[in-house]
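Residue numbers (the working numbering): 31 to 436.
As structure tokens, this is what we get:
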């Protein structure tokens with residue numbers, strides 16, 4: 031469930047808070063998918079808002095991509111994601127240690143621990159994947175009130191420890207230095223969950239979506255927001271929705287994933303803004319209850335000095351998405367050998383393409399590497415012209431690094 035804010039129809043009218051909406055029961059398994067189609071070449075015509083990779087070791091916080099209007103997460107791409115059942119309602123959560131789950135207060139307020147069960151290490155609800163662990167105790171923030179939206183944060187202590195594996199891992203809590211790098215207006219962050227999709231039904235598959243954020247807004251989507259929140263801005267009608275509550279709003283930095291926010295509330299139609307509890311503001315309370323503290327470097331590490339003639343691009347892709355480097359418009363090159371070495375997350379299938387611009391303005395692929403692993407390499411003896419890299423996520427999601435040498 032996600033708290034719903036109903037906006038009055040009149041322009042400038044105030045917002046009113048409706049009752050918390052219970053999510054439907056866990057969906058039944060969908061029909062088996064058809065066989066995977068043959069690989070298609072990365073698109074040579076990029077849309078105006080196509081994602082681009084970030085150059086020169088800058089944090090991969092710009093996570094442009096596609097849960098409402100999102101995409102299915104590859105198993106293991108969000109190993110920190112938890113699924114919570116409290117009575118007849120569903121919520122999300124974040125694994126922060128082997129015995130503690132971070133979630134929203136409105137997911138567990140007034141409930142008993144005996145009514146709560148947490149599942150981790152799964153992507154498909156109808157499967158037997160992962161681990162199912164009963165809750166031992168529920169802890170809502172002492173200042174939370176069910177009639178409001180402030181202090182919407184809670185912790186769940188599990189009755190036994192989680193066994194960590196490649197599909198189940200804790201997410202980090204951002205200290206102030208990491209927060210200052212990631213929680214910046216206009217950055218993109220990933221929210222994930224099993225909540226209502228664009229078809230108005232809950233999802234059997236874990237889904238994710240990338241949205242731009244604004245930290246500590248005075249308003250979000252026209253409604254006033256409480257302190258210590260993050261606004262998920264309207265972007266291509268992508269949003270979290272009912273059933274996603276309590277789930278993570280996450281970003282990656284220097285090889286680690288941090289939970290910046292917790293899905294809290296938003297409008298009933300789930301196609302615009304969403305409000306997220308800002309985790310960094312509650313680090314002291316989290317530590318006092320669970321003993322789990324913030325993580326990350328005391329100060330952001332300086333950018334490494336690139337090897338002469340070498341450029342490193344970083345970013346995040348979701349399954350089916352294509353990103354371009356250094357941009358959709360490419361780079362001018364006098365001629366010589368161009369090499370690209372792509373590294374994606376384990377278990378994914380990311381493909382690499384080098385494209386050249388013709389005098390007509392169209393693009394064509396001149397070199398490609400389309401293996402079935404997470405690492406690809408391309409080397410091409412290029413004449414003078416304009417070139418660009420295209421990275422396509424054939425399957426799986428996660429962070430990538432592309433090293434260009436020329």
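Note that beta-carbon positions come from the ideal geometry of N, C-alpha and C, so glycine has one too.
- Query: Which of the three DSSP states, helix, strand or coil, is assigned to residue 322?
  - Reply: The three-state reading of DSSP puts residue 322 in coil, since its state is none of H, G, I, E or B.
- Item | Sequence-distant residues of its chain with Cβ nearer than 6 Å to residue 383 (five each side left out) | Excluding residues within five positions, the ones whose Cβ falls inside 6 Å are 72, 395, 398, 420.
- Task: Would you mind giving the Cβ-Cβ distance between residue 185 and residue 132, rounded to the nearest angstrom? I have them listed as a contact below 8 Å.
- Result: Indeed, because the Cβ distance is near 6 Å, the residues count as touching under 8 Å.
- Task: Identify whether residue 104 lies in helix, strand or coil by the three-state DSSP scheme.
- Result: Assignment of residue 104 by DSSP, reduced to helix, strand and coil, places it in the coil class.
- List the endpoints of the continuous alpha helix (DSSP H) containing residue 201. Counting along the chain, residue 201 falls outside any alpha helix (DSSP H), and DSSP gives it neither H nor E.
- Item | Beta-carbon separation (whole angstroms), residue 236 vs residue 343, contact threshold 8 Å | About 27 Å separates the beta carbons of residue 236 and residue 343, which is beyond the 8 Å limit, so they are not a contact pair.
- Message: Am I right that residue 196 and residue 123 are in contact with their C-beta atoms under 8 Å? What's the rounded C-beta distance?
- Response: Rounded, the Cβ-Cβ distance is 20 Å, inconsistent with contact.
- Give the straight-line distance between the Cα atoms of residue 214 and residue 247, rounded to the nearest whole angstrom. Each residue's CA atom was taken as its position, placing residue 214 and residue 247 some 11 Å apart.
- Message: Less than 8 Å between the C-beta atoms of residue 312 and residue 202, yes or no?
- Response: No, these two residues do not count as a Cβ contact at 8 Å.
- Task: From the DSSP output, in three-state form, read off residue 175 for me.
- Result: The DSSP-derived three-state label of residue 175 is coil.
- Query: Would you say residue 292 and residue 262 are within 8 Å of each other, going by their C-beta atoms?
  - Reply: The Cβ atoms of residue 292 and residue 262 lie no closer than 8 Å to each other.
- Check residue 135 in the structure and name its three-state DSSP category. Residue 135 sits in a helix when the DSSP states are folded into three classes.
- Query: Nearest to residue 125 by alpha carbon, out of 161, 154, 423?
  - Reply: Among 161, 154, 423, the Cα nearest to that of residue 125 belongs to 161.
- Item | Residue of 317, 181, 359 minimising C-alpha distance to residue 130 | Closest by alpha carbon: 317.
- Message: Excluding the 5 residues flanking residue 170 on each side, which residues of the same chain have their C-beta closer than 7 Å to its C-beta?
- Response: Excluding sequence neighbours, residue 170 sits near 135, 138, 139, 184.
- Message: Would residue 192 and residue 128 be called neighbours here (beta carbons separated by less than 8 Å)?
- Response: Yes, the pair counts as a contact, with Cβ atoms nearer than the cut-off.
- Task: Leaving out five residues on either side along the sequence, give the residues of the same chain with a beta carbon under 8 Å from the beta carbon of residue 339.
- Result: The residues are 435, 436.
- Three-state secondary structure assigned by DSSP to residue 309: Here DSSP, grouped into helix, strand and coil, assigns residue 309 to helix.
- Assigned exposure category for residue 172 - 16 Cβ within 10 Å defines buried: The C-beta of residue 172 has fewer than 16 other C-beta atoms within 10 Å across all chains shown, which makes the residue exposed.
- Express the C-alpha separation of residue 141 and residue 352 in angstroms, rounding to a whole number. Rounded to whole angstroms, residue 352 and residue 141 show a C-alpha spacing of 43 Å.
- Message: For residue 164, count the other beta carbons within 10 Å of its own beta carbon; 16 or more makes it buried, fewer makes it exposed. Which is it?
- Response: Counting Cβ neighbours within 10 Å, residue 164 comes out exposed, since fewer than 16 surround it.
- Message: At the level of alpha carbons, what is the spacing between residue 187 and residue 204?
- Response: Computed Cα separation, rounded: 20 Å.
- Query: According to DSSP, which residues form a beta bridge with residue 430?
  - Reply: According to the DSSP secondary-structure assignment, residue 430 is paired through a beta bridge with 345.
- Status (buried if at least 16 other CB within 10 Å, exposed otherwise) for residue 153: Burial state of residue 153 is buried, judged by a 10 Å Cβ sphere holding 16 or more other Cβ atoms.
- State the Cα-Cα distance for the pair residue 409 and residue 369, rounded to the nearest angstrom. Each residue's alpha carbon lies about 4 Å from the other.
- Does the separation of the CB atoms of residue 286 and residue 104 fall below 8 Å? Between residue 286 and residue 104, the C-beta gap is not smaller than 8 Å, which leaves the two residues out of contact.
- Indicate the three-state DSSP secondary structure (helix, strand or coil) for residue 212 in the structure shown. In the three-state DSSP reduction, residue 212 falls in the helix class (H, G or I).
- Message: Give me the residue from 146, 258, 380, 417 with the minimum Cα distance to residue 426.
- Response: It is 380.
- Taking all protein chains shown into account, do 16 or more other C-beta atoms lie within 10 angstroms of the C-beta of residue 520, making it buried, or fewer, making it exposed? No information on residue 520 is available, as it lies outside the stretch 31 to 436 that the chain covers here.
- Query: Taking the C-alpha atoms as reference points, what is the distance between residue 393 and residue 321?
  - Reply: Across the structure, residue 393 and residue 321 are spaced so that their CA atoms are roughly 54 Å apart.
- Taking residue 224 as the reference, give the member of 218, 102, 211, 168 with the closest Cα. The residue with the shortest Cα to Cα distance from residue 224 is 102.
- Message: So if DSSP puts residue 393 in a beta bridge, which residue, or which two residues, is it bridged to?
- Response: Paired residue(s): 387.
- With 16 other Cβ atoms within 10 Å as the buried cut-off, status of residue 310: Counting Cβ neighbours within 10 Å, residue 310 comes out buried, since at least 16 surround it.
- In this structure, what does DSSP give as the bridge partners for residue 368? For residue 368, which the question treats as bridged, DSSP gives the partners 410.
- Item | Buried or exposed by the 16-neighbour rule on C-beta atoms within 10 Å, applied to residue 108 | With 16 or more other CB atoms across the displayed protein chains lying within 10 angstroms of its CB, residue 108 is buried.
- Beta bridge counterpart(s) of residue 419 as assigned by DSSP: Note: residue 419 is bridge-paired with 355, 384 in the DSSP secondary-structure output.
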